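Taken in order, these protein sequences are the chains called A and B.
First residue of the first sequence: 193, per the numbering used here; consecutive thereafter.
First residue of the second sequence: 17, per the numbering used here; consecutive thereafter.
Ideal placement from N, C-alpha and C gives every residue a C-beta, glycine not left out.
Computed from a predicted model, the values in this text were never measured in an experiment.
Contents: one structure, followed by commentary.
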Amino acid sequence: MGAAMESVIDIEGLSLTFTRDGQRNEVLRGLDLSVPRGAFIAIVGSSGVGKSTLLRVLIGLATASSGTVKITPRPGQRQPLALVFQDSRLLPWRSVVDNVAFGLEGGGLSRAERRAKAREALEIVGLSHLADRWPHQLSGGQRQRVSLARALAVEPEVLLMDEPFSALDAITREGLQDELVRIWQLTGKTVLFVTHDIEEATYLADRVVVLAGSPGRVVADQILDAPRPRRRSQSQEPDLVAGIRQHISGETMVDGTGI
Amino acid sequence: MTDTTLSSAPAAPPARPALDGLRRVGLAAAGLALFILVWEALPRLGLFNPMLLPAPSVIPAAFWAELQSGAWAAAVSASLGHYTIGLAVGSVLGLLGGIATGMSRLAEDMTSWVVRVLRPIPGLAWVPFAIIWFGVSPSAAVFIIAIGVFWIVFFAAHGAIRGVDRDLIEVADAFGFRSGHERLFKILLPAAMPGILVGLRTALGQAWMAVVAAEIFGVPGLGQRMIQASSLLATELVVVYMLTMAALYGLLDTVFVAVQGWVLRWKA
Numbered sequence: 193m194g195a196a197m198e199s200v201i202d203i204e205g206l207s208l209t210f211t212r213d214g215q216r217n218e219v220l221r222g223l224d225l226s227v228p229r230g231a232f233i234a235i236v237g238s239s240g241v242g243k244s245t246l247l248r249v250l251i252g253l254a255t256a257s258s259g260t261v262k263i264t265p266r267p268g269q270r271q272p273l274a275l276v277f278q279d280s281r282l283l284p285w286r287s288v289v290d291n292v293a294f295g296l297e298g299g300g301l302s303r304a305e306r307r308a309k310a311r312e313a314l315e316i317v318g319l320s321h322l323a324d325r326w327p328h329q330l331s332g333g334q335r336q337r338v339s340l341a342r343a344l345a346v347e348p349e350v351l352l353m354d355e356p357f358s359a360l361d362a363i364t365r366e367g368l369q370d371e372l373v374r375i376w377q378l379t380g381k382t383v384l385f386v387t388h389d390i391e392e393a394t395y396l397a398d399r400v401v402v403l404a405g406s407p408g409r410v411v412a413d414q415i416l417d418a419p420r421p422r423r424r425s426q427s428q429e430p431d432l433v434a435g436i437r438q439h440i441s442g443e444t445m446v447d448g449t450g451i
Numbered sequence: 017m018t019d020t021t022l023s024s025a026p027a028a029p030p031a032r033p034a035l036d037g038l039r040r041v042g043l044a045a046a047g048l049a050l051f052i053l054v055w056e057a058l059p060r061l062g063l064f065n066p067m068l069l070p071a072p073s074v075i076p077a078a079f080w081a082e083l084q085s086g087a088w089a090a091a092v093s094a095s096l097g098h099y100t101i102g103l104a105v106g107s108v109l110g111l112l113g114g115i116a117t118g119m120s121r122l123a124e125d126m127t128s129w130v131v132r133v134l135r136p137i138p139g140l141a142w143v144p145f146a147i148i149w150f151g152v153s154p155s156a157a158v159f160i161i162a163i164g165v166f167w168i169v170f171f172a173a174h175g176a177i178r179g180v181d182r183d184l185i186e187v188a189d190a191f192g193f194r195s196g197h198e199r200l201f202k203i204l205l206p207a208a209m210p211g212i213l214v215g216l217r218t219a220l221g222q223a224w225m226a227v228v229a230a231e232i233f234g235v236p237g238l239g240q241r242m243i244q245a246s247s248l249l250a251t252e253l254v255v256v257y258m259l260t261m262a263a264l265y266g267l268l269d270t271v272f273v274a275v276q277g278w279v280l281r282w283k284a
């Protein structure tokens, strides 16, 4: 149990302020979050609350104004984090397999070794048969699977997912949600999943962190222990969903009166 | 007019793709045949002095004579030499400049006024300097050609690099590829390739114009041969070289389009 509780990401007092066109825009203030190894954490909140910004800070696309982020990878981990973008952001000039192999470049592997690893990752997301296609030949759901495979290929400790299914139709989205849970259970990765969809968060995660307010901060942090596989027909924790909803709306309606 | 179009439109059945393609080739051939026919008729009917406009029927004989004397091969190989080297030098320098100013604000800001001063100067205006610096030599011709090519490729590359989607650059950043070198080769160059190739293709045509301009002042090649022929009123020979250039350009452009199609095979 001790090893399981060891945290892979520790965020303390994280604040971030943008200055754009002379306008100061405080996005996050004093955010604390500890991510245990192997957890599936959903970060929920309305748009503009800084959920995506948090992931961008973790992956190094944005710089925090203050606070500390400590990432503790397993020894020998080349790339501890990998990000799956909301839009798949495949490189259109690379075939599917070479897109998946992208993150492996510069790591001392030969082209053949990189492709072999990429094919393994494609196997996990069930797309080996499309390895030689071009991105424009794929459907939206397939593109997002390839994007997930690209992140998995670098064998990261943590998968950061930025509303990865929000642009997909409902049927594809549900298929990919189940796929993600299966992959999480199969690989034992830590998942940090950002979404504005509370149902999605409670269906997927075993812990839901709610961000609200402007600047955004953590207003609720709930453990979900509903057994898996979960049912989708009715939410297994209606009280919880209602509670989260209240946290979010409470913060947006009456600014600054959260918990 | 409106009546005929309206009534004929529904009568025409939707052509099948294969037939449609055949029809277009047929029309193009018919158009060309008509063009040659009119051209032939003008001097023959005495509407034009044959000295000023040679009929197409006299072209093959002129071409044959020029081929026999070896002048054609000499002119073509000399011009192709100027063309190839000028194109290569201009393209490489234009590409380097365009990439540098596309990637670096500093480089762009520092060069912006220099570019504004030099850009509007036409290639021909460089002829005096070309002669002073290089003499009447192939290097002078290469210089003139390279200048024209440089600007086309420079602006194409600059614009294409500048226009690369920031989101794709973020992908490289997110996977830890943050050096300028990694960005350039993993994202910027491949993403900018369509725009760069458009510039190169434009340069491919533009360089032929520069070849003639560069050779007119006496560097051996097609251009010089054309000027010689025109001063002797051997207009059929001028036409021979005009068609030679058109054929060479057509050939190179066809090869280029094929290569371009292969390089950009990832495009939808």
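Subject >> CA-to-CA distance, A/Gln369 to B/Ile101, given in whole angstroms >> reply: For this step, residue 101 of chain B is matched to residue 85 along the second sequence. For this step, residue 369 of chain A is matched to residue 177 along the first sequence. Spanning the two alpha carbons is a distance of roughly 58 Å.
Original post:
Beta carbon of A/Ser320, beta carbon of A/Arg311: below 9 Å?
Top reply: As a working note, residue 320 of chain A is residue 128 in the first sequence. As a working note, residue 311 of chain A is residue 119 in the first sequence. Yes. Within cutoff.
**OP:** Please list the partners that A/Pro284 has in chain B, where partner means a Cβ-to-Cβ separation under 7 Å.
**Re:** One-based indexing of the first sequence puts residue 284 of chain A at position 92. Here the neighbours are Trp282.
Original post:
Are the beta-carbon atoms of B/Val169 and B/Gly110 separated by less than 9 Å?
Top reply: Taking the first residue of the second sequence as 1, we reach residue 169 of chain B at position 153. Taking the first residue of the second sequence as 1, we reach residue 110 of chain B at position 94. Yes, these two residues count as a Cβ contact at 9 Å.
**OP:** Verify the contact flag: B/Ala207, CB atom, against every heavy atom of the ligand NAP, threshold strictly below 8 Å.
**Re:** You won't find the ligand NAP in this model; it holds no ligand whatsoever.
Subject >> Cβ shell of A/Gln271 (< 7 Å), same chain only, five flanking positions each side left out >> reply: Within the first sequence, the letter at position 79 stands for residue 271 of chain A. Closer than 7 Å at the Cβ level, and outside the excluded window around A/Gln271, lie Gly295, Val346, Pro348.
Original post:
Of the choices B/Ala57, B/Arg135, B/Ala78, B/Gly118, whose alpha-carbon is the least far from that of B/Ala245?
Top reply: Here residue 245 of chain B refers to the residue found at position 229 of the second sequence. Checked all of B/Ala57, B/Arg135, B/Ala78, B/Gly118; the closest Cα to B/Ala245 is B/Ala78.
Original post:
For A/Pro327, which option in A/Ser287, A/Leu344, A/Leu340, A/Leu314 has the closest C-alpha, if you only look at C-alpha atoms?
Top reply: Taking the first residue of the first sequence as 1, we reach residue 327 of chain A at position 135. Comparing Cα-Cα distances from A/Pro327 to each of A/Ser287, A/Leu344, A/Leu340, A/Leu314, the minimum goes to A/Ser287.
Subject >> Ordered list of beta strand (DSSP E) runs contained in the stretch 348-383 of chain A, each at least 3 residues >> reply: 350-354
Original post:
Just curious, the alpha helix (DSSP H) that B/Asp183 is in, first and last residue?
Top reply: Within the second sequence, residue 183 of chain B is the residue found at index 167, counting from 1. Going by DSSP, B/Asp183 is part of the alpha helix (DSSP H) stretching over 182-190.
Original post:
How close, in whole Å, do the beta carbons of B/Leu140 and B/Ala219 come, if the pair is a contact with beta carbons under 8 Å?
Top reply: For this step, residue 140 of chain B is matched to residue 124 along the second sequence. For this step, residue 219 of chain B is matched to residue 203 along the second sequence. Contact check for B/Leu140 and B/Ala219: beta-carbon distance about 17 Å, past the 8 Å limit, so the pair fails to qualify.
Subject >> Reduced DSSP secondary structure (H/G/I, E/B, other) of A/Gly448 >> reply: Along the first sequence, read from residue 1 onward, the residue named residue 448 of chain A stands at position 256. Here A/Gly448 scores only 42 on pLDDT, less than 50, and its place in the model should not be relied on; the value that follows carries that caveat. If DSSP states are grouped into helix, strand and coil, A/Gly448 belongs with coil.
Original post:
Taking Cβ positions only, does A/Arg266 come closer than 9 Å to chain B?
Top reply: The residue labelled residue 266 of chain A in the question sits at position 74 within the first sequence. Chain B, which has no Cβ nearer than 9 Å to the Cβ of A/Arg266, makes this no.
Original post:
What do you get for B/Ile52, buried or exposed, if any count of 16 or more other CB atoms within 10 angstroms of its CB means buried?
Top reply: Residue 52 of chain B sits at position 36 when you count from the first residue of the second sequence. Under this definition B/Ile52 is an exposed residue.
Original post:
Which residues in the same chain have their Cβ closer than 8 Å to the Cβ of B/Ser24, if we skip the five residues on either side of it in sequence?
Top reply: Translated into positions along the second sequence, residue 24 of chain B becomes position 8. Model confidence at B/Ser24 stands at a pLDDT of 45, short of 50, so the residue's coordinates are unreliable; what they give is reported in the following sentence. There are no such residues.
**OP:** Note down the Cα distance separating A/Gly332 from A/Glu371, rounded to an integer number of angstroms.
**Re:** Within the first sequence, residue 332 of chain A is the residue found at index 140, counting from 1. Within the first sequence, residue 371 of chain A is the residue found at index 179, counting from 1. Their Cα atoms are separated by approximately 15 Å.
Original post:
Under the rule that 16 or more other beta-carbon atoms within 10 Å means buried, what is B/Ser107, buried or exposed?
Top reply: Counted from its first residue, the second sequence places residue 107 of chain B at position 91. B/Ser107 should be labelled buried.
**OP:** Measure the C-alpha to C-alpha separation of A/Leu360 and A/Gly367 and round it to an integer number of angstroms.
**Re:** On the first sequence, residue 360 of chain A is found 168 positions in, with the first residue counted as 1. On the first sequence, residue 367 of chain A is found 175 positions in, with the first residue counted as 1. C-alpha separation (whole angstroms): 10 Å.
Original post:
Quick one: what's got a C-beta closer than 8 Å to A/His388's C-beta in the same chain, skipping five residues either side?
Top reply: Along the first sequence, read from residue 1 onward, the residue named residue 388 of chain A stands at position 196. Taken in chain order, the residues that qualify are Val236, Gly237, Ser238, Ser239, Lys243, Glu355, Ser358.
Subject >> Reduced DSSP secondary structure (H/G/I, E/B, other) of B/Pro210 >> reply: Taking the second sequence and counting its residues from 1, one reaches residue 210 of chain B at position 194. Reduced to three states, the DSSP call for B/Pro210 is helix.
**OP:** Measure the C-alpha to C-alpha separation of B/Leu184 and A/Gln278 and round it to an integer number of angstroms.
**Re:** To locate residue 184 of chain B, count along the second sequence from 1; it is residue 168. To locate residue 278 of chain A, count along the first sequence from 1; it is residue 86. Each residue's Cα considered, the two are about 13 Å apart.
Original post:
Could one say the Cβ of B/Gly192 lies closer than 9 Å to chain A's Cβ atoms, at least one of them?
Top reply: Walking along the second sequence from the start, residue 192 of chain B turns up at place 176. At least one chain A Cβ lies under 9 Å of B/Gly192.
Original post:
Helix or strand or just coil, what does DSSP make of A/Gln215?
Top reply: To locate residue 215 of chain A, count along the first sequence from 1; it is residue 23. Here A/Gln215 sits in strand by DSSP.
**OP:** Per DSSP, which residues does A/Ala404 bridge with? Please list them.
**Re:** Counting from one through the first sequence, the residue named residue 404 of chain A turns up at place 212. Per DSSP, the beta-bridge partners of A/Ala404 are A/Arg409.
Original post:
Where A/Leu208 and B/Met225 are concerned, what is the direct C-alpha to C-alpha distance, given to the nearest angstrom?
Top reply: Numbered from 1 along the first sequence, position 16 holds the residue referred to as residue 208 of chain A. Numbered from 1 along the second sequence, position 209 holds the residue referred to as residue 225 of chain B. Roughly 57 Å between the two C-alpha positions.
Original post:
Pick from B/Arg178, B/Leu213, B/Thr251, B/Leu216: whose alpha carbon is nearest that of B/Arg199?
Top reply: Against the second sequence, residue 199 of chain B aligns to sequence position 183. Out of B/Arg178, B/Leu213, B/Thr251, B/Leu216, B/Arg178 has the C-alpha closest to the C-alpha of B/Arg199.
Original post:
Shortest alpha-carbon distance to A/Arg266 belongs to which of A/Leu396, A/Pro228, A/Gly405?
Top reply: In the first sequence, residue 266 of chain A corresponds to position 74, counting from 1. That would be A/Pro228, whose Cα lies nearest to the Cα of A/Arg266.
Subject >> Interface flag, A/Val446 vs chain B, CB-CB below 9 Å >> reply: Working through the first sequence from its first residue, we reach residue 446 of chain A at position 254. For A/Val446, the pLDDT reaches just 42, beneath the cut-off of 50, and the residue's location in the model is therefore unreliable, although a value from the coordinates is still provided. Answer no: the Cβ-Cβ gap between A/Val446 and chain B never drops below 9 Å.
Subject >> Interface residues of chain B facing A/Ile251 [CB-CB closer than 7 Å] >> reply: Locating residue 251 of chain A in the first sequence gives position 59, where the first residue counts as 1. For A/Ile251, the neighbours in chain B by C-beta distance under 7 Å run, in chain order, Ala190.
Original post:
Any idea what DSSP makes of B/Thr218, helix, strand or coil?
Top reply: Counting from 1 along the second sequence, the entry for residue 218 of chain B is found at position 202. Helix, per DSSP.
Subject >> Where the alpha helix (DSSP H) containing B/Leu63 begins and where it ends >> reply: Numbered from its first residue, the second sequence carries residue 63 of chain B at position 47. Run containing B/Leu63: none; DSSP gives neither H nor E here.
Subject >> Interface residues of chain A facing B/Val187 [CB-CB closer than 8 Å] >> reply: Taking the first residue of the second sequence as 1, we reach residue 187 of chain B at position 171. Ordered by position in chain A, the residues that pass the 8 Å Cβ test against B/Val187 are Phe277, Arg281, Leu283, Phe294.
**OP:** List the residues of chain A that B/Leu184 touches, going by C-beta distances under 7 Å, in chain order.
**Re:** The residue given as residue 184 of chain B occupies position 168 in the second sequence. The answer, in chain order, is Arg281, Leu283.
Subject >> 8 Å contact criterion, which B/Phe159 and B/Phe166 should meet: CB distance rounded >> reply: Taking the second sequence and counting its residues from 1, one reaches residue 159 of chain B at position 143. Taking the second sequence and counting its residues from 1, one reaches residue 166 of chain B at position 150. At roughly 10 Å, the Cβ-Cβ gap does not stay under 8 Å, so B/Phe159 and B/Phe166 are not in contact.
Original post:
Got a sec, what are the start and stop residues for the beta strand (DSSP E) A/Phe232 sits in?
Top reply: Here the question's residue 232 of chain A lines up with position 40 in the first sequence. Following the DSSP letters along the chain, one finds A/Phe232 inside the beta strand (DSSP E) bounded by residues 232-236.
Original post:
Where does A/Arg342 land, buried or exposed, given buried means 16+ other C-beta within 10 angstroms?
Top reply: The residue you call residue 342 of chain A lines up with position 150 of the first sequence. Around the beta carbon of A/Arg342, 16 or more other beta carbons sit within 10 angstroms, so the residue counts as buried.
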